[in-house]
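Contents: one structure, followed by commentary.
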Amino acid sequence: MSQHWLDRYASGFHAWQDTNSNGRRVFRRRIGVVESAFHTDGTDYEGRADVNAFLILDARSTLSAESLRERVLLAWASLRLQHALLLAKVECQASGDCFVIEPPVDYPEALATAGNQLVFIDDHYLDADAEDFYRHALNTGRVLDAEHSLSRLFILPPRFSENKTDQFQAILIAAHEITDGLAMYNWQQHFMRLLNASNGDLQTSIEQNRLPERLWACLPPAQEDLYPPVAGNVARQRWYWAIVRILRHVRKPLPQGLTNPLRRDQRYDTATEMPPNYAAILNYSPNRKPPLNTFFVGLTLPQTASHRLQQLVRDANASVGAGCFALVGLAMMELYEKQHPSVPLADRKPFVAAFPLNPRPFFGYNGPADSCMLAFSDGIVMPFLSSSLPVEGRFRLLAKIAHRQLRIYQKRLRDPELNLGMSSHNPARMIATNYIAAVERAETKLPPERRTGMNPQGAYPATYNFGSATCGVSSVGSVKDLLSPGMFDLSKEPENGLVADYRSLRSVVRARDNEFLVGSAGDNTGIHFFVSYDGNAVPEEKAQEWKAKMEVLLEPGERSRL
1 MSQHWLDRYA SGFHAWQDTN SNGRRVFRRR IGVVESAFHT DGTDYEGRAD VNAFLILDAR
61 STLSAESLRE RVLLAWASLR LQHALLLAKV ECQASGDCFV IEPPVDYPEA LATAGNQLVF
121 IDDHYLDADA EDFYRHALNT GRVLDAEHSL SRLFILPPRF SENKTDQFQA ILIAAHEITD
181 GLAMYNWQQH FMRLLNASNG DLQTSIEQNR LPERLWACLP PAQEDLYPPV AGNVARQRWY
241 WAIVRILRHV RKPLPQGLTN PLRRDQRYDT ATEMPPNYAA ILNYSPNRKP PLNTFFVGLT
301 LPQTASHRLQ QLVRDANASV GAGCFALVGL AMMELYEKQH PSVPLADRKP FVAAFPLNPR
361 PFFGYNGPAD SCMLAFSDGI VMPFLSSSLP VEGRFRLLAK IAHRQLRIYQ KRLRDPELNL
421 GMSSHNPARM IATNYIAAVE RAETKLPPER RTGMNPQGAY PATYNFGSAT CGVSSVGSVK
481 DLLSPGMFDL SKEPENGLVA DYRSLRSVVR ARDNEFLVGS AGDNTGIHFF VSYDGNAVPE
541 EKAQEWKAKM EVLLEPGERS RL
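Its first residue numbered 1, the sequence shown is counted upward by one per residue in the UniProt record's numbering.
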């Protein structure tokens, strides 16, 4: 029986099922609409969009090497049981792909299944370099096997010396269909806390949280099942969806943004192969080579620039997040101007930033960020401003513009049912349009031979300006309450044999064609930017040029002449 495109909207279609398989309880639910697009990314495009989170902790340890491994295994096992999608694998069924979670039958099985998805790199490479391994993990065959697990943890070789502070480095790779930026920060702070716990507390946690009833209580829903129903009878609901589709058809698209000035004139067709430095752990087979290279660049604004950004956004009555958008826009404009100095100002296109949304407030979800819940905006548009103008004036103006546009997406839905608002940024209309867009996105991501022909718009295609964005920008805001240096005291003797305190976290995804994705976050040490980008389209030296521009734009030497 064919599926209608509305069957998965606010219908419980993706509800968890408590089933029995070979005498043991197994939890299953269909993968959601938004989740399914990311699932296709990962399974059909060699790990595309998989999230790669690199956590660095400052640590002091009195544990032996073997005891430290035991602590890591216990912490990882406990983390998986308290964030259930870390236990998930995918099962293909005729009715659609499902998440499958098998509660461990006893304590030894909980440890064994966690150990299967835990790799101590020094089992194979005693002197592995963390940065080099991270680069290879992004550019070899997919690390995950969805039929067995959608997450995997790598521990870099520890370099502890007795009672001296050193670094603990871990790389968690997770399929995007089980996590987003907020969930990843949530998981990483919990992992840090678990590492600081005693073995006894961790063992108790595992015994308690492995119970099926405990796992069942923390299973995260698909976002489509949380959407509010459309108000009224069936006829009124049909009318509602007809209007939404026509509004998508007649809307005015965003203007074409300026082309990312970092891109090559001619994009490389294939990815550059990595030398097989970690062949015992990663897959270097030619038939598993990703379709493109994903590279990373990151920066922390100098203290003077961070303070200046915060002062300028206060002056502009804007948020720090809007300031991050403005700074990225300024950098791209100046680099474009340098590359194309002869283009008249009137002919210069605006900076357009595509960005993902946290949809949880739209439908009143107050649960923990423990899964992938995302929506997508049309984008933020900022006018091109010449570098001949004072930098402070340019920044304040762009921050105001970004803040005004970002605020539109922060409205909450007040009614438990959807009543169509005419504004394109009405929360009810955004929920409906994002649902339709997600259905379309999930369909177009599928290889041609697997597409179903599902077309919500029918004879009235939505009006888009595909490829209009200069780059992607997102901000998770301040994470200082989740992860900040100083949460654990390194000056004290390790109470449980190990004390580990936060130093840094970078979280990037395997990129799609032409992507340059800028993420930002703030903590008590400053404002951080981390970028994953298509290395086939953007040379690494150009990404470094962008980094250098970001670092100096708000430095005192760039002070406004006003």
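Backbone N, C-alpha and C define an ideal beta-carbon position, used for all residues, glycine too.
Spatial neighbours of residue i within its chain, please: CB distance less than 7 Å, with the 5 preceding and 5 following residues excluded, ordered by chain position.
i             : result
arginine 69   : Phe120
tryptophan 76 : Ala114, Leu118 and Leu153
alanine 511   : Leu292, Thr294, Leu517, Ser532, Tyr533 and Asp534
lysine 547    : Val297 and Leu299
proline 539   : Arg264
tyrosine 45   : Pro291
valine 313    : Ser319, Val320, Ala322, Gly323 and Ala399
residue 563   : With the chain covering 1 to 562 only, the question about residue 563 has no answer from this structure.
Buried or exposed, going by whether 16 or more other CB atoms sit within 10 Å of the CB of residue i?
i              : result
glutamate 109  : exposed
lysine 338     : exposed
asparagine 293 : buried
proline 344    : exposed
proline 447    : exposed
glutamate 334  : buried
proline 556    : exposed
glycine 458    : exposed
glutamine 169  : buried
arginine 429   : buried
lysine 542     : buried
cysteine 471   : buried
tyrosine 107   : exposed
Report the three-state DSSP secondary structure of residue i (helix, strand or coil).
i                 : result
asparagine 52     : strand
tyrosine 502      : strand
threonine 300     : strand
phenylalanine 191 : helix
glutamate 91      : strand
aspartate 7       : coil
asparagine 209    : helix
asparagine 20     : strand
glutamine 237     : helix
serine 306        : helix
glutamate 551     : helix
glycine 526       : strand
glycine 200       : helix
phenylalanine 488 : coil
glutamine 256     : coil
leucine 226       : helix
glycine 535       : coil
leucine 374       : coil
arginine 314      : helix
glycine 519       : strand
aspartate 41      : helix
valine 26         : strand
glutamine 544     : helix
Counting along the chain, where does the alpha helix (DSSP H) carrying residue i start and finish?
i              : result
arginine 512   : That residue, arginine 512, is in no alpha helix (DSSP H); it is neither H nor E in DSSP.
methionine 333 : 320-339
valine 230     : Note, valine 230: premise wrong, no alpha helix (DSSP H); not H, not E.
glycine 477    : Note, glycine 477: premise wrong, no alpha helix (DSSP H); beta strand (DSSP E) at 471-478.
serine 78      : 65-82
methionine 430 : 427-445
alanine 354    : Taken as a continuous stretch (DSSP letters only), alanine 354 belongs to no alpha helix (DSSP H), being part of the beta strand (DSSP E) at 351-354.
alanine 112    : 107-116
Can you list, in chain order, the residues of its chain with a C-beta nearer than 8 Å to that of residue i? Leave out the 5 residues immediately preceding and following it.
i             : result
threonine 463 : Arg248, His249, Val250, Arg251, Lys252 and Pro253
histidine 136 : Met274, Asn277, Tyr278 and Leu282
Suppose the cutoff is 6 Å on Cβ atoms and the five residues either side in sequence are ignored; what does the same chain contact list for residue i look like?
i             : result
glutamate 177 : Glu35, Phe38, His39 and Cys372
threonine 300 : Gly526 and His528
proline 456   : Trp5, Ile436 and Val439
arginine 8    : Val33 and Glu224
tyrosine 365  : Leu226
aspartate 370 : His83, Ala183 and Pro220
glutamine 17  : Arg28
valine 328    : Val473 and Val518
glycine 47    : Arg142 and Arg510
If we cut at 8 Å on Cβ distances, does residue i have a partner in chain B?
i              : result
methionine 274 : In the structure shown, chain B cannot be found, because there is only a single protein chain.
How far does the beta strand (DSSP E) with residue i in it extend, from its first residue to its last?
i                 : result
phenylalanine 395 : It is not in any beta strand (DSSP E) - phenylalanine 395 instead sits in the alpha helix (DSSP H) that spans 391-408.
serine 285        : Here serine 285 belongs to no beta strand (DSSP E), and DSSP marks it neither H nor E.
arginine 264      : Premise fails: arginine 264 is in no beta strand (DSSP E) and is neither H nor E.
leucine 153       : 151-155
Does the structure place the stretch 375-394 close enough to the stretch 495-504 that three or more beta carbon pairs sit under 8 Å? no
May I ask you to verify whether the stretch 172-191 touches the stretch 472-486, counting CB pairs closer than 8 Å and requiring at least 3? yes
With three or more beta-carbon pairs closer than 8 Å as the criterion, would you say the stretch 482-490 touches the stretch 266-279? no
Evaluate contact between the stretch 388-399 and the stretch 304-319, counting only Cβ atoms and requiring at least three cross-stretch pairs below 8 Å. yes
With a threshold of 8 Å, are at least 3 pairs of Cβ atoms found where one atom belongs to the stretch 24-33 and the other to the stretch 424-434? no
Cβ contact (3+ pairs, closer than 8 Å) linking the stretch 209-221 and the stretch 90-108: yes
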